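Novice: For what it's worth, our numbering labels the leading residue of the sequence shown as 1, then goes sequentially. Note that beta-carbon positions come from the ideal geometry of N, C-alpha and C, so glycine has one too. Since the model is a prediction, treat every value here as computed from it, not as a measurement.
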Amino acid sequence: MKKLAHAMASGAAALGLLAGAQGVAQAEAQADDVRAVPSCVKSEWTLMGGIIVTITNECSTTQQVNVRYSFNGEPFIPDKCHTIAPGKSVSTSEPMWSASRFEGLIPC
1 MKKLAHAMAS
11 GAAALGLLAG
21 AQGVAQAEAQ
31 ADDVRAVPSC
41 VKSEWTLMGG
51 IIVTITNECS
61 TTQQVNVRYS
71 FNGEPFIPDK
81 CHTIAPGKSV
91 STSEPMWSAS
101 RFEGLIPC
């Protein structure tokens, strides 16, 4: 009886470890799907009747970025991909009724 109980406990522990490992693998896979904008792409924002964001590409290559906003705590990403040549800047804006907070830059 002790052997059976030990075998069942070992099996349950192994399943717990497997489930934990699967959860970690899924989280890592999701993290790999999220690409970051290079640190050489800079942003500045101003609140003036809406959110005005100026994006500057200090990289040596052309970058494609979009702006991530939120509105009442919900993510809002407009369908605007900005292609910015090295050394150039571009400004974009969203009105207060569609974006209440600048969250950052994301790749297109």
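(1) For proline 107, list the residues DSSP reports as bridge partners.
(2) Could you tell me how far apart the beta carbons of threonine 54 and serine 91 are, in whole angstroms, since I believe they sit closer than 8 Å?
(3) Just the C-alpha distance for glutamate 74 and isoleucine 52, rounded to the nearest angstrom, thanks.
(4) Around the Cβ of tryptophan 97, are there at least 16 other Cβ atoms within 10 angstroms (buried) or fewer (exposed)?
(5) With H, G and I counted as helix, E and B as strand and the rest as coil, what does DSSP make of tryptophan 97?
(6) Going by CA-CA distance only, name the one from Pro86, Tyr69, Ser70 and Phe76 that's closest to proline 38.
(7) In three-state terms, what does DSSP make of isoleucine 51?
(8) Under the assumption that threonine 56 contacts serine 89 (Cβ atoms under 8 Å), give the Cβ distance between them as a whole number of angstroms.
(9) On a Cα-Cα basis, can you pick out the residue from Ala36, Arg101, Leu105 and Thr46 that is closest to asparagine 72?
(10) If you drop the 5 nearest sequence neighbours on each side, which residues of the same chain put their C-beta closer than 8 Å to that of isoleucine 84?
Specialist: A quick look at the data gives this:
(1) For proline 107, which the question treats as bridged, DSSP gives the partners Val65.
(2) The C-beta separation of threonine 54 from serine 91 comes to about 5 Å, placing the pair in contact by the 8 Å criterion.
(3) If you draw a straight line from the Cα of glutamate 74 to the Cα of isoleucine 52, it is about 19 Å long.
(4) Counting C-beta atoms within 10 angstroms of its own C-beta, tryptophan 97 has fewer than 16 neighbours from the protein chains shown and is therefore classed as exposed.
(5) Reduced to three states, the DSSP call for tryptophan 97 is coil.
(6) The shortest C-alpha separation from proline 38 is found at Pro86.
(7) Three-state DSSP puts isoleucine 51 in a strand.
(8) About 4 Å separates the two Cβ atoms, so the contact holds.
(9) Comparing Cα-Cα distances from asparagine 72 to each of Ala36, Arg101, Leu105 and Thr46, the minimum goes to Arg101.
(10) Hits under 8 Å: Val41, Ile55, Thr56, Asn57, Thr62, Gln63, Gln64, Val65 and Val90.
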